[in-house]
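Working notes, beginning with the structure itself.
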Amino acid sequence: MVSSTTKKNPPRVLVVGNYCHDVLIQNGTVVAESLGGAASFISNVLNGMSIHSHLISKVGFDFKYPTTHLPIVVPTSKTTLFKAYFDSASHDDIHHKDRILKRVNACDPIKASDLPDDQRFDFGMVVGVAGEILPETIEKMIHICDSVFVDIQALIRVFDELNDGVVNMVDLKNSGFYHLLPRITVLKASSEEALVMDVEEVRQWCCVVVTSGKDGCHLYWRDGGEVEVEPFVANQVDPTGAGDSFLGGLVAGLFHDLSFPDAALTGNFFGSVTVEQIGLPKFDSRMLQIVTLVLEACQKMVRDEVLCRKAQTVNSENAKFVKAAGHQQFHASLTTAKQVAKPVEDEHQRDISNSPKSAEQDVVLNCNGQPKLFVKHVYEERIQNVESKPRYK
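First residue of the sequence shown? That's 110 in this note's numbering, and the numbers climb one at a time after it.
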């Protein structure tokens with residue numbers, strides 16, 4: 110759902126992390142192979158929300174996927190490859206406790222010199238998955254981005270090459286990145302990854318977001334403040350990429366000037382949609398249209414609320430972490446958007462009842478007690494991938 114107008118505007122989000130080839134294996138059988146890597150899931154969300162981004166990713170000579178963002182091809186390397194092993198018992202476990210993840214191949218790291226020198230970005234996203242992010246790379250992102258969001262997996266993952274590349278985690282203090290925490294904006298971690306850091310200590314340096322799958326997420330910031338953000342009901346099929354889509358949704362919400370709790374709710378929304386599909390999800394365009402309208406409506410209300418707080422000399426630093434008056438209604442509106450989406454397997458089996466004419470509907474949205482917004486004439490439109498030749502290193 111990338112509009113022609115966004116292509117004319119400079120990108121406001123910089124996403125840094127390698128594309129991957131993901132192989133999902135359950136009970137010894139390959140059930141799916143797809144484009145992977147946090148960068149792919151995040152750009153999928155940003156593209157769906159028509160947020161223009163610039164992505165830096167390296168792949169090998171064997172990379173075959175069409176993508177909207179051209180990767181840097183390293184002719185002497187293979188594309189990063191992960192194999193994720195599940196068993197039936199772990200099928201519904203979003204914490205991945207029974208998942209074994211192995212890095213089979215690793216493409217080249219992303220260096221500071223790979224980043225643009227002549228651009229500035231509102232948001233920078235550090236989303237490596239296979240050890241491809243270097244401290245110098247984050248240093249440069251801090252320099253060229255107003256706010257930097259870091260997924261902790263880019264910092265703490267280590268790989269046991271003597272055991273087929275099994276992915277393990279190192280304590281954050283021993284990662285070689287700990288000194289950079291005071292200079293980043295947000296550190297995101299799953300509840301499992303949060304065990305390798307002291308949240309109470311890290312929150313003194315930056316905002317910490319801990320995702321808990323079906324239980325939503327928690328936000329922690331300075332001065333001891335914290336808030337729990339509720340989840341969305343989801344029929345989990347594959348948890349891969351849920352945290353990445355969450356982070357993409359979080360930034361999409363902040364892009365629309367939402368408070369952190371509302372932006373995190375947007376992240377929970379996209380995470381819940383992701384787990385209902387295998388591999389990189391295909392978002393229903395009607396759902397995306399409704400979500401965009403909801404965010405734009407809330408954006409205006411948030412701006413009005415900020416002006417009111419300034420007039421009342423309210424502490425804006427803490428206020429941006431407080432749930433807005435219409436937070437629950439915002440959750441209800443996103444739930445409505447999710448219900449509009451059709452299952453992916455039905456995409457090619459729609460009958461006359463799903464024609465554009467019959468797809469017209471009134472979706473009642475209401476944020477912060479403002480007048481209700483009615484969305485009409487929502488039509489099905491496939492999200493297109495732009496196929497073109499990758500860049501070469």
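Glycine included, C-beta positions come from ideal geometry on N, C-alpha and C.
query, result
"Endpoints, the alpha helix (DSSP H) within which Phe-153 is located", "It should be pointed out that residue 153 corresponds to Asn in this sequence rather than to Phe. Residues 147–157."
"Where Asn-475 falls: helix, strand or coil (DSSP)", "Below a pLDDT of 50, predicted positions are generally treated as unreliable, and Asn-475, at 38, falls in that range; the measurement from the model is reported next regardless. Of the three classes helix, strand and coil, the one that applies to Asn-475 here is coil, per DSSP."
"Burial state of Leu-304, where buried means 16 or more other Cβ atoms lie within 10 Å", "exposed"
"Where His-457 falls, given that 16 or more other Cβ within 10 Å makes a residue buried", "Summary for His-457: the model assigns pLDDT 37, below 50, so the residue's position carries little reliability, and this model does not support an answer."
"Asn-283 versus Arg-395 - alpha carbon distance", "45 Å"
"Backbone CA spacing between Val-124 and Ser-256 [nearest angstrom]", "12 Å"
"Of the listed residues His-252, Asp-226, Gly-233, Val-213, nearest to Ala-239 (C-alpha basis)", "Val-213"
"Three-way DSSP call (helix, strand, coil) for Val-132 in this model", "strand"
"Closest residue to Thr-189 among Asp-196, Pro-180, Phe-195 (Cα-Cα distance)", "Pro-180"
"Closest by C-alpha distance to Asp-217, when choosing among Gly-233, Ile-151, Asn-127, Gly-352", "Asn-127"
"The beta strand (DSSP E) enclosing Met-234, as first and last residue numbers", "230–235"
"Gly-380 and Ala-141 closer than 7 Å at C-beta", "no"
"Validate contact between the segment 262–282 and the segment 229–249 using beta carbons, cut 8 Å, 3 pairs", "yes"
"Alpha-carbon to alpha-carbon, Val-317 and Phe-172", "34 Å"
"Beta-carbon proximity list for Gln-313, same chain, < 7 Å, skipping 5 on both sides", "Arg-331"
"Spatial neighbours of Gly-352 in its chain, beta-carbon cut-off 6 Å, leaving aside the 5 residues before and after", "Ser-299, Thr-320"
"Selection from Gly-334, Val-183, Phe-191, Lys-297 that minimises the alpha carbon distance to Asp-273", "Phe-191"
"Boundaries (first-last residue) of the beta strand (DSSP E) holding Gly-169", "167–169"
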